[in-house]
């Protein structure tokens, strides 16, 4: 984050829970790490295989990312910090992050697949917030 990159990242881990298959970072306010990673995974792996994989994310996936993960058929999501924590960090009306109050569990409620969701990760969520603040503080100060 000291190089000005957006503080969002994702990693897709294989069924053995060890092999990192793909990683991606957020490129813009519409090209999020998680949705980009899920689309890339869907191009390279079968839906059957992806159902056995885990997508790790620094932040709880937004509505767009959660939906893309769902359609890619990735079976598990693990995230460190929540959308609520992100909204607290970015501030209201931040043009780089219009965080919604919907949580990934809300988005998937009533869906046809039982995507496993684990998060937030206690302790790691605070670390993610502290490290991400290096990026968000100057933006908040300009608002």
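Residue numbers (full-length UniProt numbering): 1 to 143. Quick reminder that beta carbons are idealized off the backbone N, C-alpha and C, glycines included. Source: prediction; values computed, not measured.
In this structure, residue 115 sits near residue 77, with a CB-CB distance shorter than 8 Å.
Taking a C-beta distance under 8 Å as the contact criterion, residue 10 and residue 57 qualify as a contact pair. Between residue 81 and residue 125, the C-beta gap is smaller than 8 Å, which places the two residues in contact.
Residue 65: member of the alpha helix (DSSP H) spanning 63 to 72, first to last residue. Less than 8 Å separates the beta-carbon of residue 74 from that of residue 50.
Each residue's CA atom was taken as its position, placing residue 35 and residue 55 some 10 Å apart. Judged by DSSP secondary structure, residue 116 falls within the beta strand (DSSP E) whose first and last residues are 116 to 118.
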